[in-house]
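Undergrad: Count the sequence shown with my numbering and you get residues 67 to 333, in order. Every residue gets a Cβ at the ideal spot worked out from N, C-alpha and C, and that includes glycine. Just dropping this structure here.
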Amino acid sequence: MSHSPLSRPTAVITGASSGIGAAFANQLAAEGFRLILVARNQEKLRQLQEHLRQQYQAESEIMIADLSDTGQTRQLAEKIAGLENLEYMINNAGFGLGKRFPNADVEAETNMIRVHCEATVRLSHAAVQAMRPHKKGYIINVASMAAFLTGPGAADYCATKAFIRSFSHSIQADIQEHGIRVQALCPGFVRTNFHFAPTMFGSDVSGIPDFLWLKSDRVVRGSLRSLRRHRLRVTYIPSLRYKLAYYLITGPLGCLLIPLFGVRLKR
Ligand SMILES: NC(=O)c1ccc[n+]([C@@H]2O[C@H](COP(=O)([O-])OP(=O)(O)OC[C@H]3O[C@@H](n4cnc5c(N)ncnc54)[C@H](OP(=O)(O)O)[C@@H]3O)[C@@H](O)[C@H]2O)c1
């Protein structure tokens, strides 16, 4: 792509400081996009920004925002709605909580609802305002295979990811006339910091077999390829193994497979 920096198409990525978000940043920087990198950890975003500049001569801007804070999400939404060349909005920020519901910190659980659901709604709406005049744009909402599951220690995780998937399908119907496409990205286990974050309280993923782990750069390449090629597809499940798992989980034998997805929780 050859664009002057000012006219460069822009991608906003939440949760860019790590894992899948950082992989989206690398892929889109390599394609010549200008990036707006959003997360709480300024140091990690600075390192990523420097890496993207050196590796791809990419132009990027850092925005520190805690998306569990409605005021900060609103401010970010205002900025996004006013962008002139927004082409990609990637609602990726998220986290897990490794406690069973009776022992859960209810503040953390409701923070999850704000990060996964409220921020996705507000930032998708803002992105549509920016994309609509150009009749072009892509919104990727990162859900999970958990969107199809329910399970112990994941009440709000499964519920919020199901929300993200359902929401994405519904808004696709509303915004396709504006030339905007939406994807609900539903990966299985991806090797990132996710499972080792303090919010997981030392939950043990060592029992998950190697073949179930995906690499974030492959998840991202598949997501972008699917979004650009398949006009009618909203839910995208990376890798054949998880596509098969989807048919098994949602079929009559699903209950036999749930233990495969089990993470051993500290109570
Ligand atoms: N890894 C998996 O197995 C897997 C599977 C399916 C779906 N997913 C989903 O993929 C997405 C990315 O996760 P990941 O695997 O890449 O995990 P990760 O490496 O832990 O990255 C999570 C990102 O979300 C950001 N984040 C978390 N809470 C935030 C908040 N309150 N405000 C702003 N940013 C926040 C983090 O940045 P800061 O800490 O700097 O704020 C970080 O950049 C999540 O939505 C997750 O649910 C992951």
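#1: T139: which of D222, R106, F214 sits nearest, CA to CA?
#2: Quick check: the segment 147 to 156 against the segment 124 to 134, are there 3 or more CB pairs under 8 Å?
#3: With burial defined as no fewer than 16 other Cβ atoms inside 10 Å of the residue's Cβ, what is the status of S134: buried or exposed?
#4: Could you give the first and the last residue of the continuous alpha helix (DSSP H) run that contains G162?
#5: Looking at ligand 1, does it come within less than 7 Å of G81, judged from the CB to the closest heavy atom?
#6: Use the C-beta contact count for F167: other C-beta atoms within 10 angstroms, 16 or more gives buried, fewer gives exposed.
#7: Along the chain, where does the beta strand (DSSP E) that runs through S236 open and close?
#8: Quick check: does the Cβ of R106 come within less than 7 Å of any heavy atom belonging to ligand 3?
#9: Mark P264 as exposed unless 16 or more other C-beta atoms lie within 10 angstroms of its C-beta, in which case mark it buried.
#10: Would you call A96 buried or exposed, if buried means 16 or more other Cβ atoms sit within 10 Å of its Cβ?
#11: Just how far apart, CA to CA, sit T76 and L290?
#12: Find the nearest neighbour of S210 within the set Q242, Q249, H296, judged by alpha-carbon distance.
#13: Any idea if H182 is buried or exposed, counting beta-carbon neighbours within 10 angstroms, 16 or more meaning buried?
#14: Here's the rule: buried if 16 or more other CB atoms are within 10 angstroms of the residue's CB, otherwise exposed. What is P318?
#15: Can you tell me the Cβ-Cβ gap for L280 and Y223, rounded? I've got them flagged as a contact below 8 Å.
#16: Return the residue from the list A311, A159, Y204 that minimises the CA-CA distance to R295.
#17: Where does the unbroken alpha helix (DSSP H) through V78 begin, and where does it stop?
#18: Determine the burial state of S282: buried for a count of at least 16 other Cβ atoms within 10 Å of its Cβ, exposed for fewer.
#19: Please classify G118 as buried or exposed, where buried requires at least 16 neighbouring CB atoms within 10 angstroms.
#20: Residues in the same chain with beta-carbon distance under 7 Å from A82, minus the five sequence neighbours each way, listed in chain order, please.
#21: Using the beta-carbon count (16 or more within 10 Å), is G254 buried or exposed?
#22: One question on the structure: do V194 and N157 come within less than 8 Å of each other, judged by their Cβ atoms?
#23: Can a CB atom of chain C be found closer than 8 Å to the CB of D240?
#24: What are the boundary residues of the beta strand (DSSP E) that R299 is part of?
#25: Does R257 come out as helix, strand or coil in the three-state DSSP assignment?
#26: Assign K201 to one of two classes, buried (16 or more other C-beta atoms within 10 Å of its C-beta) or exposed (fewer than that).
#27: Whose C-beta lies closer than 6 Å to the C-beta of A185 among residues of the same chain, with five residues either side of it excluded?
#28: Out of T176, F161, S292, state which residue places its alpha-carbon closest to the alpha-carbon of T258.
TA: In short:
#1: R106
#2: no
#3: buried
#4: Segment: none, G162 is in no alpha helix (DSSP H) and carries neither H nor E.
#5: yes
#6: exposed
#7: S236 -> not in any beta strand (DSSP E); alpha helix (DSSP H) instead, spanning 221 to 241.
#8: This structure does not include ligand 3; its bound ligands are ligand 1.
#9: exposed
#10: exposed
#11: 15 Å
#12: Q249
#13: buried
#14: exposed
#15: Contact doesn't hold; Cβ gap of about 18 Å is too wide.
#16: Y204
#17: Run containing V78: none in the alpha helix (DSSP H); it sits in the beta strand (DSSP E), 76 to 80.
#18: buried
#19: Sequence check: residue 118 is Leu here, not Gly. By the 10 Å Cβ count, L118 comes out buried.
#20: A88, A91, L103, V104, A105, L111, L114
#21: buried
#22: no
#23: In summary, chain C is missing from the structure at hand, where a single protein chain is found.
#24: Element bounds for R299: n/a, residue is neither H nor E.
#25: coil
#26: exposed
#27: L133, T139
#28: F161
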